[in-house]
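Colleague: Numbering (the numbering used here), first residue to last: 668 to 1158. Glycine included, C-beta positions come from ideal geometry on N, C-alpha and C. All values derive from a computational prediction rather than experimental measurement.
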């Protein structure tokens, strides 16, 4: 484990981050995965919220020109966290007031990420191939795992490079038996190809601001998180959205902000208000930060007519506790099925069922007379506990809603933990292989950038990268090290 190597001691507790739009079932599955890995999961927090913690730690030592000051001299700011990663997109609006983080609203697009910008260039390349070599050749490249992988690798590299230059040559030799691909893509063309994606990003920001009851003029800071936020056009669109009055915050490393925020939350949980650790300055900076996150989806129960009655609305701060009183629909009914859902639609058929339980011993009376209090308690991890209490008879039932569908049973979890111990040696080699593969890829890119290579060298390097991406999964560590020696000896 990388953390254990860095700290030089065993790590058993963890704070795990998840995309803001993760539902109850996905959060439970994440906790299960942590337990299977041998970790005591102390907290599940949303990725944009973690990034906000990293920003808050940074802002405590930097003046914020656009923020307002309270009467006691503390700084209050309204922060938009714009988190665009490789495969997900999240936006959160928070207030930072005297060290207290309160998430006002969160939202996102589960089908938008950096890969979508890659896809735009990828399809552009295939269109060029179609024009020059015909549709049949383009389809063959699309269908070939090896050719498609090589083209996508070149496309992603071009996208990254276009953040710092105005044009880039996309070149892939021997893409197929008849195609040596070479085309120049300008930044302007890239922006035109992906204009609809930029607009989707802006639309999401505006939607989340509405949910947070926050105007564009109320926003004091915009924090960029995720590698895709380096795209200049995206930064320009955001700058224009706020009428150019806000400088986008780039002081928090976009690739590290979420991890830093999780570490901050871990420090707060492990040390409490007393601080601690070797770095006393850092301890005092983190322990006076308080995080108030929100639930991403509304939570409620099924009513007669297959409708959903909401107890906890979307974007409610957590932890929280809400109670509503319900009654029976039939005369002399003594049991009530409590069926729990999450979602934003009035009909339960369009929402996600999380679980159910039965309360028995309900007052025997005419329909509508009994009074049963249903309470939802949502903890800091976004995990839901539900209870029902009859006001007259005192009958009660409780359940931790774990979204059992598709979830591992406790026995399955214990078996996977046992398997992890049994196959620990094999797993150690797997980790070593993974780490060596990363080092090998870095060595490859270093060799590729060197001047003075001949055509034979270029082909050898291309074959090596193909092997790494397509054939290395089944290789042993020794075989990988053999490939590494080729790079060391020749390049």
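1) By Cβ distance, which residues of its chain are closer than 6 Å to residue 717, with the 5 residues on each side in sequence left out?
2) Just verifying my parser: in three-state terms, what is the DSSP assignment at residue 843?
3) Shortest alpha-carbon distance to residue 908 belongs to which of 887, 892 and 897?
4) Please classify residue 871 as buried or exposed, where buried requires at least 16 neighbouring CB atoms within 10 angstroms.
5) In chain order, what residues of the same chain have a beta carbon less than 7 Å from the beta carbon of residue 788, not counting five sequence neighbours either side?
6) Straight-line CA distance for residue 702 to residue 995?
7) Going by DSSP, what residues sit across from residue 685 in a beta bridge?
8) Locate the alpha helix (DSSP H) running through residue 696, then write down its first and last residues.
9) Is the CB-CB distance between residue 938 and residue 751 below 8 Å?
10) State yes or no: is the C-beta of residue 1103 within less than 8 Å of the C-beta of residue 1144?
11) For residue 999, is the classification buried or exposed, using 16 other Cβ atoms within 10 angstroms of its Cβ as the cut-off for buried?
12) Rounded to whole angstroms, what's the CA-CA distance from residue 881 to residue 910? Just pull it up for me.
13) Note down, in chain order, each residue of its chain lying with its Cβ closer than 7 Å to the Cβ of residue 916, except the 5 sequence neighbours on either side.
14) If we ignore side chains and look at the alpha-carbon of each, how far apart do residue 1019 and residue 1007 end up?
15) How long is the line joining the alpha carbons of residue 761 and residue 1061, rounded to whole angstroms?
16) Within its chain, find whatever has a CB closer than 8 Å to the CB of residue 797; leave out the 5 residues flanking it on each side and keep chain order.
17) Which runs of the alpha helix (DSSP H), 4 residues or longer, sit entirely within the segment 824–908?
18) For residue 1027, report the span of its beta strand (DSSP E) as first-last.
19) Using only the alpha-carbon positions, how far apart do residue 1099 and residue 1136 sit?
20) Tell me, which residues are paired with residue 751 by DSSP?
21) What number of angstroms, rounded off, separates the C-alpha of residue 866 from the C-alpha of residue 1053?
22) Hey, would you say the C-beta of residue 935 is under 7 Å away from at least one heavy atom of the ligand SAH?
23) What is the residue span of the alpha helix (DSSP H) that residue 792 lies within?
24) The beta strand (DSSP E) with residue 1039 in it runs from where to where?
25) Relative to the C-alpha of residue 1023, which candidate in 1039, 1012 and 1005 has its C-alpha closest?
Modeller: Let me lay it out:
1) As a working mapping, residue 717 is identified with position 50 in the chain shown. Cβ within range, chain order: 684, 925, 928 and 929.
2) Working through the chain shown from its first residue, we reach residue 843 at position 176. Judged by DSSP in its simplified three-state form, residue 843 adopts coil rather than helix or strand.
3) In the chain shown, the residue the question calls residue 908 occupies position 241. That would be 887, whose Cα lies nearest to the Cα of residue 908.
4) Counting from one through the chain shown, the residue named residue 871 turns up at place 204. Buried: at least 16 other Cβ atoms inside 10 Å.
5) As a position in the chain shown, residue 788 is number 121, starting the count at 1. So the list reads 822, 825, 826, 852, 857 and 860, once near-sequence residues are dropped.
6) Along the chain shown, one-based indexing puts residue 702 at 35. Along the chain shown, one-based indexing puts residue 995 at 328. Going by the C-alpha atoms only, they are around 40 Å apart.
7) In the chain shown, counting from the first residue as 1, residue 685 sits at position 18. Answer is 713, bridged to residue 685.
8) As a first step, residue 696 must be located in the chain shown, where it is residue number 29. From DSSP, the alpha helix (DSSP H) with residue 696 extends over 691–703.
9) Within the chain shown, the letter at position 271 stands for residue 938. Within the chain shown, the letter at position 84 stands for residue 751. For residue 938 and residue 751, no; Cβs fall outside 8 Å.
10) The residue labelled residue 1103 in the question sits at position 436 within the chain shown. The residue labelled residue 1144 in the question sits at position 477 within the chain shown. Taking a C-beta distance under 8 Å as the contact criterion, residue 1103 and residue 1144 qualify as a contact pair.
11) As a working mapping, residue 999 is identified with position 332 in the chain shown. Counting Cβ neighbours within 10 Å, residue 999 comes out exposed, since fewer than 16 surround it.
12) Position 214 of the chain shown, counted from the start, is the residue given in the question as residue 881. Position 243 of the chain shown, counted from the start, is the residue given in the question as residue 910. Using only the alpha carbons, I get a separation of about 16 Å.
13) Numbered from 1 along the chain shown, position 249 holds the residue referred to as residue 916. Counting only Cβ-Cβ distances below 7 Å, and skipping sequence neighbours, we find 722, 888, 889, 890 and 891.
14) The count along the chain shown starts at 1 and reaches residue 1019 at position 352. The count along the chain shown starts at 1 and reaches residue 1007 at position 340. When rounded, the distance between both Cα atoms is 9 Å.
15) Residue numbering aside, residue 761 sits at position 94 when the chain shown is read from its first letter. Residue numbering aside, residue 1061 sits at position 394 when the chain shown is read from its first letter. When rounded, the distance between both Cα atoms is 41 Å.
16) By 1-based counting over the chain shown, the position of residue 797 is 130. 804 and 805, listed in sequence order.
17) 854–860, 862–878 and 899–908
18) To locate residue 1027, count along the chain shown from 1; it is residue 360. Residue 1027 -> beta strand (DSSP E) spans 1019–1027.
19) As a position in the chain shown, residue 1099 is number 432, starting the count at 1. As a position in the chain shown, residue 1136 is number 469, starting the count at 1. Using only the alpha carbons, I get a separation of about 17 Å.
20) Your numbering for residue 751 matches position 84 in the chain shown. Beta-bridge pairing links residue 751 to 756.
21) To locate residue 866, count along the chain shown from 1; it is residue 199. To locate residue 1053, count along the chain shown from 1; it is residue 386. So the alpha carbons of these two residues sit roughly 40 Å apart.
22) The ligand SAH is absent from the structure shown, which contains no ligands of any kind.
23) Taking the first residue of the chain shown as position 1, residue 792 is located at position 125. Segment 781–800, the alpha helix (DSSP H) holding residue 792.
24) In the chain shown, the residue the question calls residue 1039 occupies position 372. Run containing residue 1039: 1039–1045, per the beta strand (DSSP E) assignment.
25) The sequence position of residue 1023 within the chain shown is 356, counting from 1. Minimum Cα distance to residue 1023 is reached at 1005.
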